[in-house]
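The opening position of the sequence shown corresponds to residue -13 in my numbering, with each subsequent residue numbered one higher. Glycine is no exception: its CB is placed at the ideal position from the N, C-alpha and C atoms. Since this is a predicted model, take the numbers as computed values, not measurements.
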Amino acid sequence: MKTEAKYNLQVFETVDELNIAAAKLIIEIAHKAIAEKGRFIIALSGGSTPTELYSLLSEPFYRYQIEWNKAFVFWGDERYVALDDVRNNAHQAKLVLLNKINIPQSNIHVIQTNLSPVEAADNYEKELKLFFNTEPMQFDLILLGLGENGHTASLFPNTQALQEKSAGIKEVYLEEEKKYRITMTAPLINMARHIIFLVAGNKKAEIVKDIFTTTDKYPAQLIQPVNGELTWLMDNQAASLIKKN
Ligand code: 6PG
């Protein structure tokens, strides 16, 4: 991590405590955004880590704490699979959260993987431009995960998307998966008011240590908010190889 990069790091004994803290922070950010601007614009992460968090947010104690009619949901990335494929991030989030809360369907902006990869990326970028209109493309919150190879969203090592400086959304071909992905680029993510990395489990301990003890090696290290806040939320297992000062 670049020494000058500012970030908050919070480590929790258990995944349950991690998810409760994440839910509370998301609600806090939502309240602030709605109070200030009348709306809360969030980009969800994919992968397995946030599933329990999404499920927690769908529970009555939490779901009624956000005015979901004023929330607008996007994704930081998407796997290039059918919209109803179990691997599809939006499909997963709908199953565990969005289908259980009172959010207008028009507030949910899914990446259209029924188009070609290039069209899906272009189309999502156009949808973002339309949504933000004359305002900067600034999310109130972007939720991110961390892969064991240091990827985040679908910004994978040795891919063109890492060099992207202007487009906000790019298609990425992953050799290892023989599949495309659609991803937000680092410049778009870094515009956000808040960025939260949610990382759990001992499989992530090594990459977490590398991320926090090196610079300019991993895609996740490209994530440095221009003006916003960066928060790492981890459980003890994921943080076991870094010192928690
Ligand atoms: C995705 C995610 C990806 C994920 C990491 C961690 O579409 O898979 O956006 O960046 O956050 O791969 O995934 P896990 O949470 O499953 O470990």
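What residue range is occupied by the uninterrupted alpha helix (DSSP H) comprising ALA57?
Premise fails: ALA57 lies in the beta strand (DSSP E), 57 to 61, not in any alpha helix (DSSP H).
Flag this pair as touching only if the stretch 155 to 172 and the stretch 189 to 198 have three or more C-beta atom pairs under 8 Å; answer yes or no.
By the C-beta criterion, the stretch 155 to 172 is judged not to be in contact with the stretch 189 to 198, since fewer than 3 inter-stretch pairs fall below 8 Å.
Where the beta strand (DSSP E) containing PHE305 begins and where it ends
The structure shown does not extend to residue 305, since the chain spans only -13 to 231, so no value can be given for it.
Just grab the DSSP bridge partners of ILE193 for me.
Bridge partners of ILE193: none, in fact.
Under the three-state DSSP convention, the category GLN(-4) falls into
Three-state DSSP puts GLN(-4) in a strand.
Among GLN78, ASP221, LYS112, LEU208, which has the Cα closest to the Cα of ILE181?
The closest CA to that of ILE181, considering only GLN78, ASP221, LYS112, LEU208, is found on LEU208.
Looking at C-alpha atoms only, which residue of TYR110, TYR(-7), TRP218 is the closest neighbour of LEU132?
Restricting attention to TYR110, TYR(-7), TRP218, the CA atom closest to the CA of LEU132 is found in TRP218.
Taking C-alpha atoms, which residue in VAL194, ALA191, ILE175 lies nearest to ALA29?
Ranking the options by Cα distance to ALA29, first place goes to ILE175.
Hey, which unbroken runs of the beta strand (DSSP E) at 3 residues or more fall wholly within the stretch 55 to 127?
Counting only runs of 3 or more residues that sit fully inside the stretch 55 to 127, the beta strand (DSSP E) segments are 57 to 61, 63 to 65, in chain order.
Roughly how many angstroms separate the alpha carbons of THR(-11) and ALA19, rounded to a whole number?
Summary for THR(-11): the model assigns pLDDT 49, below 50, so the residue's position carries little reliability; its value from the coordinates is reported in the next sentence. The alpha-carbon atoms of THR(-11) and ALA19 are separated by roughly 29 Å.
So what does DSSP say about HIS17, is it helix, strand or coil?
Residue state, collapsed to three classes: helix.
By Cβ distance, which residues of its chain are closer than 6 Å to ASN75, with the 5 residues on each side in sequence left out?
Result list for ASN75: GLY32, TRP61, GLU64, in chain order.
Do the CB positions of HIS17 and VAL59 come within less than 8 Å of each other?
Not in contact: HIS17 and VAL59 (Cβ atoms no closer than 8 Å).
Regarding ASN75 and the ligand 6PG, is the C-beta to nearest heavy atom distance less than 7 Å?
Yes - the ligand 6PG has a heavy atom lying nearer than 7 Å to the Cβ of ASN75.
Could you give the C-beta distance for PRO143 and TYR204, rounded to a whole number, given that I count them as a contact under 8 Å?
About 7 Å separates the Cβ atoms of PRO143 and TYR204, confirming a contact at the 8 Å cut-off.
Kindly indicate which three-state DSSP category LYS151 falls into: helix, strand or coil?
DSSP places LYS151 in coil when its eight states are reduced to three.
Between ALA106 and ILE168, how many whole angstroms is the CB-CB distance? I'm expecting something under 8 Å.
Contact between ALA106 and ILE168 holds: CB atoms are separated by about 5 Å, below the 8 Å threshold.
Following a CB-centred definition, is HIS180 positioned closer than 7 Å to any heavy atom of the ligand 6PG?
If you check the C-beta of HIS180 against the ligand 6PG, you find no heavy atom less than 7 Å away.
Proximal residues to ALA206 (C-beta, below 6 Å), its chain only, five neighbours per side dropped:
Excluding residues within five positions, the ones whose Cβ falls inside 6 Å are LEU132, GLY136, THR138, ILE197.
Does the distance between the C-beta of SER34 and the nearest non-hydrogen atom of the ligand 6PG fall short of 7 Å?
Answer for SER34: yes, Cβ within range of the ligand 6PG.
With a threshold of 16 other CB atoms inside 10 Å of the CB of LYS23, please say whether the residue is buried or exposed.
It is exposed - the Cβ of LYS23 has fewer than 16 other Cβ atoms within 10 Å.
With a threshold of 7 Å (Cβ to nearest heavy atom), would ASP63 be considered close to the ligand 6PG?
True, at least one ligand heavy atom lies under 7 Å from that Cβ.
How would you write the range of the alpha helix (DSSP H) that ARG49 sits in, first residue to last?
That run of the alpha helix (DSSP H) goes 46 to 49.
Output the boundary residues of the beta strand (DSSP E) element that contains LEU233.
Nothing can be reported for residue 233: it is not among the residues displayed for the chain, which extend from -13 to 231.
Which one or two residues does DSSP pair with LYS165 in a beta bridge?
Note: LYS165 sits in a beta bridge opposite LEU160.
Report buried or exposed for TYR110, applying the criterion of at least 16 other Cβ atoms within 10 angstroms of its Cβ.
Under a 10 Å Cβ-count criterion, TYR110 is classified as buried, with 16 or more other Cβ atoms of the shown protein chains found around its own Cβ.
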